[in-house]
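Numbering (numbering that gives the first Met the number 0), first residue to last: 0 to 183. Idealized CB from N, CA, C, for every residue including glycine. Quick notes on the structure that follows.
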Amino acid sequence: MKYINIIFYSSMASLFILGFIAVVEPGKSTTSATPTNLLGTISDENGFIKDAELSVTDSTGMVRATASLNGEQGYDLELPVKTVYPVIISATYHVYQHAAKAVGAKEDVPVGEKDEAELRTAILESGSTIVGVSLSPISTQIVDIARARGGITPENIAHASAAVLNLDSGEEPEEPRSRGHEGY
(Lines of atoms letter the chains of each structure in order from A and count residues from 1; the text may use other names and numbers.)
(Lines give C-alpha, C1' and ligand atoms only; values in the text may rest on other atoms or scores of the structure.)
Protein backbone atom coordinates (compact mmCIF):
# COMPACT_ATOMS: atom_id res chain seq x y z
CA MET A 1 0.00 0.00 0.00
CA LYS A 2 2.87 2.39 0.74
CA TYR A 3 4.21 2.02 -2.81
CA ILE A 4 0.80 2.82 -4.25
CA ASN A 5 0.63 5.97 -2.10
CA ILE A 6 4.11 7.03 -3.20
CA ILE A 7 3.19 6.55 -6.85
CA PHE A 8 -0.09 8.42 -6.30
CA TYR A 9 1.57 11.40 -4.59
CA SER A 10 4.36 11.50 -7.18
CA SER A 11 1.80 11.43 -10.01
CA MET A 12 -0.26 14.20 -8.42
CA ALA A 13 2.84 16.36 -7.96
CA SER A 14 3.83 15.76 -11.59
CA LEU A 15 0.39 16.81 -12.81
CA PHE A 16 0.58 19.92 -10.61
CA ILE A 17 3.97 20.84 -12.05
CA LEU A 18 2.78 20.32 -15.63
CA GLY A 19 -0.14 22.64 -14.88
CA PHE A 20 2.19 25.62 -15.12
CA ILE A 21 5.36 24.43 -16.82
CA ALA A 22 5.65 23.02 -20.33
CA VAL A 23 8.64 20.82 -21.21
CA VAL A 24 11.43 21.32 -23.76
CA GLU A 25 14.51 19.29 -24.65
CA PRO A 26 17.35 19.88 -22.13
CA GLY A 27 19.72 22.74 -22.87
CA LYS A 28 17.83 24.07 -25.88
CA SER A 29 16.05 27.34 -26.48
CA THR A 30 13.18 27.29 -28.91
CA THR A 31 11.37 29.94 -30.88
CA SER A 32 7.74 29.94 -31.85
CA ALA A 33 6.66 29.83 -35.49
CA THR A 34 3.16 30.99 -34.55
CA PRO A 35 1.82 33.21 -31.77
CA THR A 36 1.24 31.49 -28.44
CA ASN A 37 -1.75 32.33 -26.22
CA LEU A 38 -1.25 31.94 -22.48
CA LEU A 39 -4.34 31.68 -20.28
CA GLY A 40 -4.18 31.51 -16.52
CA THR A 41 -4.75 32.93 -13.08
CA ILE A 42 -2.76 34.68 -10.39
CA SER A 43 -3.21 33.88 -6.71
CA ASP A 44 -1.47 34.23 -3.40
CA GLU A 45 -2.21 32.95 0.10
CA ASN A 46 -5.27 35.23 0.21
CA GLY A 47 -6.89 33.95 -2.99
CA PHE A 48 -7.18 35.19 -6.56
CA ILE A 49 -5.50 38.45 -7.48
CA LYS A 50 -7.65 40.66 -9.71
CA ASP A 51 -5.49 43.77 -9.99
CA ALA A 52 -1.97 43.20 -11.33
CA GLU A 53 0.49 44.15 -14.04
CA LEU A 54 1.82 41.21 -16.07
CA SER A 55 4.87 40.94 -18.27
CA VAL A 56 6.45 38.10 -20.20
CA THR A 57 10.22 38.19 -20.69
CA ASP A 58 11.92 35.76 -23.07
CA SER A 59 15.31 34.12 -22.62
CA THR A 60 17.05 37.01 -24.41
CA GLY A 61 15.72 39.44 -21.79
CA MET A 62 13.21 41.05 -24.16
CA VAL A 63 9.74 41.84 -22.81
CA ARG A 64 7.44 40.08 -25.29
CA ALA A 65 3.99 40.89 -23.85
CA THR A 66 2.36 42.97 -21.13
CA ALA A 67 -1.15 43.18 -19.74
CA SER A 68 -3.12 44.57 -16.83
CA LEU A 69 -5.68 42.74 -14.75
CA ASN A 70 -8.29 45.31 -13.87
CA GLY A 71 -10.78 43.36 -11.82
CA GLU A 72 -10.45 40.24 -13.95
CA GLN A 73 -9.79 36.88 -12.30
CA GLY A 74 -7.73 35.50 -15.18
CA TYR A 75 -5.42 36.69 -17.91
CA ASP A 76 -4.98 36.03 -21.62
CA LEU A 77 -1.63 36.98 -23.16
CA GLU A 78 -0.46 36.53 -26.73
CA LEU A 79 3.24 35.99 -27.30
CA PRO A 80 4.44 37.00 -30.76
CA VAL A 81 6.14 34.82 -33.35
CA LYS A 82 9.87 34.35 -32.74
CA THR A 83 9.59 34.61 -28.96
CA VAL A 84 12.65 32.79 -27.60
CA TYR A 85 11.77 30.20 -24.96
CA PRO A 86 11.91 29.64 -22.06
CA VAL A 87 9.94 32.68 -20.90
CA ILE A 88 9.18 34.06 -17.45
CA ILE A 89 5.73 35.45 -16.70
CA SER A 90 5.80 38.01 -13.88
CA ALA A 91 2.87 39.63 -12.10
CA THR A 92 3.31 42.67 -9.89
CA TYR A 93 0.51 43.61 -7.53
CA HIS A 94 -0.14 45.58 -4.35
CA VAL A 95 -0.58 43.96 -0.96
CA TYR A 96 -2.47 45.95 1.65
CA GLN A 97 -2.85 45.41 5.35
CA HIS A 98 -6.54 44.79 6.00
CA ALA A 99 -8.68 45.82 8.92
CA ALA A 100 -10.87 43.14 10.41
CA LYS A 101 -14.35 42.91 8.97
CA ALA A 102 -16.79 45.18 10.68
CA VAL A 103 -20.04 43.61 11.74
CA GLY A 104 -22.23 43.46 8.65
CA ALA A 105 -19.42 44.50 6.26
CA LYS A 106 -19.13 42.56 3.04
CA GLU A 107 -15.32 42.59 2.84
CA ASP A 108 -12.15 43.68 4.60
CA VAL A 109 -11.18 47.33 4.27
CA PRO A 110 -7.61 48.10 3.12
CA VAL A 111 -5.71 50.27 5.61
CA GLY A 112 -2.17 51.45 6.12
CA GLU A 113 0.78 51.05 3.81
CA LYS A 114 0.63 49.05 0.62
CA ASP A 115 3.53 46.86 -0.41
CA GLU A 116 4.37 45.65 -3.89
CA ALA A 117 4.71 41.91 -4.46
CA GLU A 118 5.72 39.84 -7.47
CA LEU A 119 4.84 36.31 -8.55
CA ARG A 120 6.52 34.36 -11.35
CA THR A 121 6.25 31.19 -13.39
CA ALA A 122 8.14 29.71 -16.35
CA ILE A 123 7.08 28.33 -19.72
CA LEU A 124 9.77 26.20 -21.31
CA GLU A 125 8.38 25.87 -24.85
CA SER A 126 5.79 27.35 -27.17
CA GLY A 127 2.42 25.97 -28.09
CA SER A 128 -0.61 27.39 -29.90
CA THR A 129 -2.53 27.80 -26.64
CA ILE A 130 -1.28 26.99 -23.17
CA VAL A 131 -4.09 26.94 -20.61
CA GLY A 132 -3.81 26.87 -16.84
CA VAL A 133 -0.62 28.87 -16.43
CA SER A 134 -0.91 29.81 -12.77
CA LEU A 135 1.26 32.31 -10.98
CA SER A 136 1.44 31.58 -7.26
CA PRO A 137 3.89 31.57 -4.37
CA ILE A 138 4.73 27.94 -5.25
CA SER A 139 5.49 28.70 -8.91
CA THR A 140 7.58 31.68 -7.78
CA GLN A 141 9.65 29.50 -5.43
CA ILE A 142 10.22 26.97 -8.21
CA VAL A 143 11.39 29.67 -10.66
CA ASP A 144 13.67 31.26 -8.05
CA ILE A 145 15.29 27.95 -7.09
CA ALA A 146 15.76 26.97 -10.77
CA ARG A 147 17.43 30.32 -11.47
CA ALA A 148 19.73 29.86 -8.46
CA ARG A 149 20.68 26.40 -9.78
CA GLY A 150 21.87 27.94 -13.04
CA GLY A 151 18.81 28.84 -15.08
CA ILE A 152 15.40 27.83 -16.32
CA THR A 153 16.04 24.34 -17.69
CA PRO A 154 13.92 21.18 -17.43
CA GLU A 155 16.44 19.66 -15.00
CA ASN A 156 16.52 22.72 -12.75
CA ILE A 157 12.73 23.03 -12.83
CA ALA A 158 12.40 19.34 -11.90
CA HIS A 159 14.85 19.68 -8.98
CA ALA A 160 13.23 22.91 -7.80
CA SER A 161 9.74 21.40 -8.04
CA ALA A 162 10.83 18.37 -6.03
CA ALA A 163 12.36 20.63 -3.38
CA VAL A 164 9.34 22.93 -3.11
CA LEU A 165 6.84 20.07 -3.12
CA ASN A 166 9.00 17.98 -0.72
CA LEU A 167 9.15 15.07 -3.17
CA ASP A 168 12.73 14.20 -2.27
CA SER A 169 12.42 14.56 1.50
CA GLY A 170 12.85 10.81 2.00
CA GLU A 171 9.66 10.68 4.03
CA GLU A 172 6.88 8.37 3.04
CA PRO A 173 3.43 9.91 2.75
CA GLU A 174 1.09 9.18 5.62
CA GLU A 175 -1.41 6.37 5.27
CA PRO A 176 -4.91 7.76 4.79
CA ARG A 177 -6.92 7.57 7.98
CA SER A 178 -10.19 5.71 7.81
CA ARG A 179 -13.44 7.34 8.71
CA GLY A 180 -15.74 5.06 10.61
CA HIS A 181 -15.56 1.29 10.54
CA GLU A 182 -13.16 -0.30 8.08
CA GLY A 183 -14.74 -2.86 5.79
CA TYR A 184 -18.32 -1.78 6.40
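The three-state reading of DSSP puts residue 63 in strand, counting E and B together.
Between the stretch 27-38 and the stretch 130-144 there are three or more C-beta pairs closer than 8 Å, enough to call the two in contact. Approximately 10 Å separates the beta-carbon atoms of residue 59 and residue 86; this is outside 8 Å, ruling out the contact. A direct Cα-to-Cα measurement between residue 74 and residue 118 gives close to 14 Å.
With respect to the 9 Å criterion, residue 153 and residue 44 are not classified as neighbours on the basis of their beta carbons. Linking residue 72 to residue 138 through their CA atoms gives a straight-line distance of about 18 Å.
If the five residues before and after residue 54 are omitted, its C-beta is found closer than 6 Å to the C-beta atoms of 62, 65 and 89, all from its own chain and listed in chain order.
By the Cβ-count criterion, residue 51 is buried, with 16 or more other Cβ atoms from all chains shown falling within 10 Å of its own Cβ. Bounds of the beta strand (DSSP E) holding residue 54 are 50-56.
Taken atom to atom, the span from the alpha-carbon of residue 33 to that of residue 81 is near 8 Å. Annotation for residue 115: 91 and 93 place their beta carbon closer than 7 Å to its own, counting only its chain and skipping 5 residues before and after. Residue 57 sits buried, since 16 or more C-beta atoms from the chains shown fall within 10 Å of its C-beta. The secondary-structure analysis by DSSP pairs residue 88 across a beta bridge with 55 and 120. Here the C-alpha atom of residue 76 lies approximately 14 Å from the C-alpha atom of residue 69. Per DSSP, residue 33 lies in no beta strand (DSSP E) segment and is marked neither H nor E.
For residue 41, the secondary structure class from DSSP, reduced to helix, strand or coil, is strand. Around the Cβ of residue 147, a 10 Å sphere holds fewer than 16 other Cβ atoms; the residue is exposed. Membership of residue 163 in any beta strand (DSSP E) is not indicated; the residue belongs instead to the alpha helix (DSSP H) covering 153-163.
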